[in-house]
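Undergrad: Heads up: the sequence shown begins at 1 in the working numbering, then just goes up one per residue.
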Amino acid sequence: MATLPVLPLTDAVLLPGMVVPVTLDPTTQAAVDAARATGDRKVLAVPRVDGEYGSVGVIAQIDKVGRLTSGEPAAVVRGLTRARIGAGVPGPGAALWVEASVIDEPAPAGKAKELAREYRALMTSVLSDRGAWQVIDAMERMTDLGELADSAGYAPWLSLSQKVELLAAPDVTARLELLVGWVKEHLAEQEVNEQINSDVREGLEKSQREFLLRQQLAAIRKELGEDEPDGSADYRSRIESAELPEKVREAALREVGKLERASDQSPESSWIRTWLDTVLEMPWSTRTEDNTDLAAARAVLDTDHAGLADVKDRILEYLAVRNRRAERNLGVVGGRGSGAVLALAGPPGVGKTSLGESVARALGRRFVRVSLGGIRDEAEIRGHRRTYVGALPGRIVRALREAGSMNPVVLLDEVDKVSAGYAGDPAAALLEVLDPAQNHTFRDHYLEVDLDLSDVLFLATANVVESIPGPLLDRMELVTLDGYTEDEKVAIARDHLLPRQLERAGLTADEATISDEALHRVAGEHTREAGVRQLERALARILRKVAVALASDPAPVRVDASDLARYLGRPKFTPESAERTAVPGVATGLAVTGAGGDVLFIEATSMDGEPGLTLTGQLGEVMKESAHIALSYLRSNGRRLGLDPNALAGRRIHLHVPAGAVPKDGPSAGITMVTALASLASGRPVRPEFGMTGEVTLSGRVLPIGGVKQKLLAAHRAGRTEVIIPARNEPDLDDLPAEVRSALTVHTLADVSDVLALALRPADVPAPLDGPALTAA
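(1) Could you check what DSSP says for Trp97 in three-state terms: helix, strand or coil?
(2) Could you have a look at Arg48 and say whether DSSP puts it in helix, strand or coil?
(3) Have a look at Glu260, Glu255, Arg369 and Ala295 and flag the residue whose alpha-carbon is nearest the alpha-carbon of Asp277.
(4) Ignore the nearest five residues each way along the sequence and tell me which others in Thr605's own chain have a CB closer than 6 angstroms to its CB.
(5) Measuring CB to CB, does Ser682 end up less than 9 angstroms from Leu713?
(6) Return the CA-CA distance between Arg130 and Pro283, expressed in angstroms with no decimal places.
(7) Between the region 693-708 and the region 655-663, do three or more beta carbon pairs fall short of 8 angstroms?
(8) Please name the residue, chosen from Trp271, Arg395 and Val415, that lies closest to Tyr388 on a Cα-to-Cα basis.
(9) In the DSSP assignment, what are the bridge partners of Phe458?
(10) Enumerate in chain order the residues of its own chain whose CB-to-CB distance from Asp302 is below 8 angstroms, with the five nearest sequence positions on each side excluded.
(11) Under 8 angstroms Cβ to Cβ from Ala776, same chain only, skipping five residues before and after it: list those, please.
(12) Whose C-beta lies closer than 6 angstroms to the C-beta of Tyr422 among residues of the same chain, with five residues either side of it excluded?
(13) Would the region 461-468 count as touching the region 338-351 if we require 3 or more Cβ pairs under 8 angstroms?
(14) Anyone know if the C-beta pair for Lys247 and Val410 falls short of 9 angstroms?
(15) Which residue comes first and which comes last in the alpha helix (DSSP H) that contains Pro426?
(16) Could you please give the first and the last residue of the uninterrupted alpha helix (DSSP H) stretch that includes Val370?
(17) Alpha helix (DSSP H) containing Glu289: first to last residue?
(18) So Glu281 and Arg401 are supposed to be a Cβ contact under 8 angstroms. How far apart are they, rounded?
(19) In this structure, does DSSP put Gln61 in helix, strand or coil?
(20) Are Leu760 and Arg684 close, meaning C-beta to C-beta below 9 angstroms?
(21) Around the Cβ of Asp234, are there at least 16 other Cβ atoms within 10 angstroms (buried) or fewer (exposed)?
(22) Who are the Cβ neighbours of Ala750 in its own chain at under 8 angstroms, not counting the five residues just before and after it?
(23) Touch check for the region 560-575 and the region 587-604: three-plus C-beta pairs under 8 angstroms?
(24) Val49 and Ser161 - do their beta-carbons sit closer together than 9 angstroms?
(25) What whole-angstrom Cβ distance do Asp416 and Ile468 have, given they're in contact under 8 angstroms?
(26) Please work out which residues of its chain come closer than 8 angstroms, Cβ to Cβ, to Glu378, disregarding the five sequence neighbours upstream and downstream, and give them in chain order.
(27) Take Arg82 as the anchor and find which of Thr593, Glu210 and Glu147 has the nearest alpha-carbon.
(28) In this structure, does DSSP put Ala649 in helix, strand or coil?
(29) Please report the distance separating the alpha-carbon of Pro762 from that of Glu689.
(30) Pick out whichever of Leu176, Ser419 and Glu486 has its Cα sitting closest to the Cα of Ala715.
(31) Give me the residue from Glu380, Arg328, Gly404 and Asp413 with the minimum Cα distance to Val370.
(32) How should Arg386 be labelled, buried or exposed, when 16 other C-beta atoms within 10 angstroms of its C-beta is the threshold for buried?
(33) Can the beta-carbon of Leu14 be found less than 9 angstroms from the beta-carbon of Gly79?
(34) Please report the distance separating the alpha-carbon of Leu392 from that of Gly373.
(35) In chain order, which continuous runs of the beta strand (DSSP E) of length 3 or greater are located wholly inside the region 541-585?
(36) Could you tell me which of Leu355, Arg328 and Leu453 sits nearest to Arg398, measuring between CA atoms?
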């Protein structure tokens, strides 16, 4: 048992036989000073891990005290033998003194020699890789197994905790067993590292070789005055790592090769870079998953739009078929996806454009809108050739890039406003885009690679179907949106328009309310239209005035029908049919314009003068022909119809169609013109509750016309109660809303004589002069 000062070792472990320098700090300096004061210069070197001393230390001899080359004070310490730390005892100086008992180690057993032999072989393998041949010779000369095991304290690959465990091992056999296991683990780890380093070295050698070759190539080009543009290698790596179709990848790599060979002064370099950027930005392999819940899709469509049953049914049919094909693992057929092309035709304000976003939400797809109004250049659709300065891909390619997927909902807005110009016809370029049999290999002039559009759902909107070229219309499935009834407008205003305008005006539903009666009055008397755009503007105007009123009086405001004159002024649309048709020679027709259906008054009068027919009102050629046909029919069949034969013969007939500033054309006003001229000839006014439409022939037949639903909706809005249409248009009544069908009495006639018998007042019944009484009659 010896009493020694403690030399704490923070980042090192001293084993017997080791000689190490110890940097002196206040703690270690105190231990060294105490040992030197006793004369035997011995200390107990104990490792301190995480602030705690170990239970076993080493009695060490202080060989020398001095300074390191850096100037720091240090002591050279030699380990002698292991000792177990006992209780602390008082001693001189500031050092910590403890009792230390030397640990007597048992003689090595037979297994120890085998472990020592294996340890020497393993260490020889480790040290030979490092070229430490002197250390190998020193190990071979060690005969003491304890000295051999403790020499591992110099190994840099052993951790501090492993060395502490080695110090605390009870005998030589245990220490050698630990060392053999650790050396094997180190060799295995070294082998893995060597394999990794070898692979990295091979890759680096290949990269260095390629780099050297490219540098040589760059030097050659520099001598030729053709420096290589920066970034070509980056483009190659980006293309190789991108998920591109095989043919697109091949085309892109060919362009990279051209870029690598092109000189920096060549304009082709910038063209190629722009083209490569466009190709890499395209979502070639990105597709969104469609919503498979039909009920949820229907709920989305119903929430966003009231009515529009035809287009909602068509979208759900498309979704149901796609779901069924997916369930039965029926993929694309012949490279073609299961996209669709729908044309939404109808007057402004019925929700065609906003329906596209609702369809995208219902399907779970991304939405992008392409405005085609006013386009005159075919390259806007197909893209420009790359040789042009500032060339860009077409709007279809840009739409896919903007959507970020290959199966979005693309809304082609105002497709009927496309017109041919000096640079080609954009409508002709749309033929391939909207053809499901061709668009799976659509080729943009800029990209010049096949682009699959067969999964895209195209929705085209138009106001006038007749303006769409026939071949283009043939490629789309036409769904007509003919306008809303007054009840539907009130529902839309209450559920959609009013909440939106309240938010825009900064109001809440508690601060401002509009009654249903007021909404009915606004829709019927202040805004007579097929859509709801003017209705929404009227609501916005009301709420702006409400906001002004609330600024002075915070009391909630309720707008009733009696208050509308204060907010919107007097009604703009009042019943005028009875007043206009109270005199002979005036008939009410029905027409379709770009803004939807409308009523059309046709006036006729006769006077002395040169016999003939005068037509005014900006009539088109077809409408002028209808007027001549009507006059010829009545002159040839007047007696049979009970008309005065001299009423139309030998007099000047003037036929006018207000409003005179609006161009008009089409054959559907034929029977209205016959009725107006017959009323003039007979002196019998036309019944004011009647509206009519139909083409007339010289033989008096009533031929079918188009736009029946829009015309009947217009008749209903204008307060007509009875309507005459051609007999062959009777199937069109199936599309008429039930509330309109119940409010109108529709007569389907095939002969003009039947029209006159029904529409003209009896000769013995004079026309009343009171307008409102006529309207109610």
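Here a beta-carbon is modelled for each residue, glycine too, at the ideal position from N, C-alpha and C.
TA: A quick look at the data gives this:
(1) DSSP, read as helix, strand or coil, puts Trp97 in strand.
(2) Three-state DSSP puts Arg48 in a strand.
(3) Of the listed residues, the one whose Cα sits closest to Asp277 is Glu255.
(4) Cβ-Cβ distances below 6 angstroms link Thr605 to Gly585 and His654 in the same chain, with the five nearest sequence neighbours on each side left out; the list follows chain order.
(5) In this structure, Ser682 keeps its C-beta atom at 9 angstroms or more from the C-beta atom of Leu713.
(6) It is roughly 53 angstroms from the alpha-carbon of Arg130 to the alpha-carbon of Pro283.
(7) Judged by Cβ distances under 8 angstroms, the region 693-708 makes no contact with the region 655-663, as fewer than three pairs qualify.
(8) Checked all of Trp271, Arg395 and Val415; the closest Cα to Tyr388 is Trp271.
(9) Phe458 is bridged by DSSP to Val341 and Val410.
(10) Closer than 8 angstroms at Cβ, skipping near neighbours: Lys312.
(11) Residue placement at Ala776 cannot be trusted, given a pLDDT of 27 that sits under 50; the coordinates are not used to answer.
(12) The answer is none, since no qualifying residue turns up.
(13) They touch, by the three-pair rule.
(14) Against a cut-off of 9 angstroms, the Cβ pair of Val410 and Lys247 comes out as no contact.
(15) Per DSSP, the continuous alpha helix (DSSP H) segment holding Pro426 begins and ends at Pro426 to Val433.
(16) Unbroken run through Val370 is the beta strand (DSSP E), Phe367 to Ser371; no alpha helix (DSSP H).
(17) Element bounds for Glu289: n/a, residue is neither H nor E.
(18) Here Glu281 really is in contact with Arg401; their C-beta atoms are around 5 angstroms apart, less than 8 angstroms.
(19) If DSSP states are grouped into helix, strand and coil, Gln61 belongs with the strands.
(20) Yes, they are a contact pair.
(21) Counting Cβ neighbours within 10 Å, Asp234 comes out exposed, since fewer than 16 surround it.
(22) Once the five neighbours on either side are set aside, the close Cβ partners of Ala750 are Arg701, Val702, Pro726, Ala727 and Arg728.
(23) Under the 8 angstroms Cβ criterion, the region 560-575 does not count as touching the region 587-604, having fewer than three qualifying pairs.
(24) With contacts defined by Cβ atoms closer than 9 angstroms, Ser161 and Val49 form a contacting pair.
(25) 5 angstroms between Cβ atoms; contact.
(26) Here the set comprises Ala423, Gly424, Asp425, Pro426, Ala428 and Ala429.
(27) Nearest C-alpha to Arg82 among Thr593, Glu210 and Glu147: Glu147.
(28) DSSP places Ala649 in the coil class of the three-state scheme, outside both helix and strand.
(29) Each residue's alpha carbon lies about 15 angstroms from the other.
(30) Considering only alpha carbons, the answer is Glu486.
(31) It is Asp413.
(32) Buried: at least 16 other Cβ atoms inside 10 Å.
(33) Yes. Within cutoff.
(34) Near 19 angstroms, if we compare the C-alpha coordinates of Gly373 and Leu392.
(35) Residue ranges of uninterrupted beta strand (DSSP E) with 3 or more members, entirely inside the region 541-585 and ordered along the chain, are 557-559.
(36) Looking at the Cα atoms, Leu453 is the closest of the given residues.
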